Amino acid sequence: MTTPEHPTAVEVHHPQPFTLHPPAAPLVAAQPSSVPTVTSILLPDGRVVTGYAIEPAKTEPATAKPAVSRTAVNVALGGVGFLAVCGGLLLLTSFIAALTAFVTQLITLAAVVFGGWIAVQVFSASGHQGGTTVNIRKAVIKRNKFYG
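Position one of the sequence shown corresponds to residue -18 (the working numbering), numbered consecutively onward.
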């Protein structure tokens, strides 16, 4: 019983048809590659349902994500290459320093040998070829004049 002070709410349900799949295009008859097997199932109330067995859709395995990103690998390889170049530059500078020391030693050796040869030529007694020899025993220098 409803009274005017307490009206009862009324719910009205209108059934709406729904479609599980959008309407499909017309089917074209095609020969199956193999005939599927027919399966019959006996329901508890005695009815028999017959139909084709449907295999579940197979999902493709997800591609495994690499443990390390490509960017990290590229940065690491760049660092290794940079270290290799730095090592090569270090060897190059060491080689240039060694070559400079070697050339300096060759120049010093040549100066010593050539200077020794010149000294031998100047101070050797043999092979004296003429010239003027002056023997000064007593020399008198007065007012910037030499009297010998």
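Each residue gets a CB set at the ideal place from its N, CA and C atoms; glycine is no exception. If you're wondering where the values come from, they're calculated on a predicted model, not measured in any experiment.
message: Which residues does DSSP list as the beta-bridge partners of T20?
response: For this step, residue 20 is matched to residue 39 along the sequence shown. According to DSSP, which records beta bridges pairwise, T20 is partnered with G32.
query: Between which two residues does the alpha helix (DSSP H) carrying G97 extend?
result: Mapped onto the sequence shown, residue 97 falls at position 116. Looking at the DSSP string, the run of the alpha helix (DSSP H) that includes G97 is R51 to F104.
message: Tell me the rounded alpha-carbon separation between A65 and K46.
response: Here residue 65 refers to the residue found at position 84 when the sequence shown is read from its first residue. Here residue 46 refers to the residue found at position 65 when the sequence shown is read from its first residue. Distance between the alpha carbons of A65 and K46: 30 Å.
query: Hey, how far is the Cα of D26 from the Cα of T40?
result: Position 45 of the sequence shown, counting from 1, holds the residue named residue 26. Position 59 of the sequence shown, counting from 1, holds the residue named residue 40. Rounded to the nearest angstrom, the two C-alpha atoms are 36 Å apart.
- prompt: Do T44 and A34 have their C-beta atoms within less than 8 Å of each other?
  reply: For the purposes of this step, residue 44 is taken as the residue at position 63 of the sequence shown. For the purposes of this step, residue 34 is taken as the residue at position 53 of the sequence shown. Taking 8 Å as the Cβ cut-off, T44 and A34 do not qualify as a contacting pair.
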